[in-house]
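This note's numbering runs 564 ahead of the 1-based position in the sequence shown.
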Amino acid sequence: AAARALETVSPLATVARGYAILQQQDGRVVRSVQQVEPGERLGARVGDGQLHVRVESPND
């Protein structure tokens with residue numbers, strides 16, 4: 565039961581449900597649009613791999 569509870573809050577389980585984790589090139593996780601600039605390249609971790617994306621325009 566404890567293992568199942570941990571699995572439900574795992575970041576990998578979250579991305580498997582359709583979410584993505586965005587990271588800047590230095591590995592920092594993006595938590596706010598204020599952290600990124602137009603043209604910046606990010607990594608997007610999704611359920612089955614990694615995407616390389618570019619910011620067009622962050623919106624608040």
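Where is the CB? At the ideal position from N, CA and C, for every residue including glycine.
Skipping 5 residues on each side, what residues in its chain have a beta carbon closer than 7 Å to that of residue i?
| i | result |
| --- | --- |
| Glu571 | Ala577 |
| Pro575 | Ile585 |
Would you list the one or two residues that DSSP bridges to residue i?
| i | result |
| --- | --- |
| Ala577 | None; Ala577 has no bridge partner. |
| Val610 | Gly613 |
| Val593 | Gln587 |
Thinking just about the alpha-carbon of each residue, which of the options is nearest to the one in residue i?
| i | options | result |
| --- | --- | --- |
| Asp612 | Gln599, Gln587, Arg595 and Tyr583 | Tyr583 |
| Glu604 | Ser596, Ser621 and Pro575 | Ser621 |
| Gln588 | Arg581, Val573, Gln599 and Ala565 | Gln599 |
Sorted by chain position, which residues of the same chain lie with C-beta nearer than 6 Å to residue i's C-beta, five sequence neighbours on each side aside?
| i | result |
| --- | --- |
| Ala608 | Ala584, Leu586, Leu615 and Val617 |
With 16 as the cutoff for other CB atoms within 10 Å, does residue i come out buried or exposed?
| i | result |
| --- | --- |
| Val594 | buried |
Can you name, in chain order, every residue of its own chain whose Cβ lies under 8 Å from the Cβ of residue i, other than the five neighbours on each side?
| i | result |
| --- | --- |
| Pro602 | Val619, Glu620, Ser621 and Pro622 |
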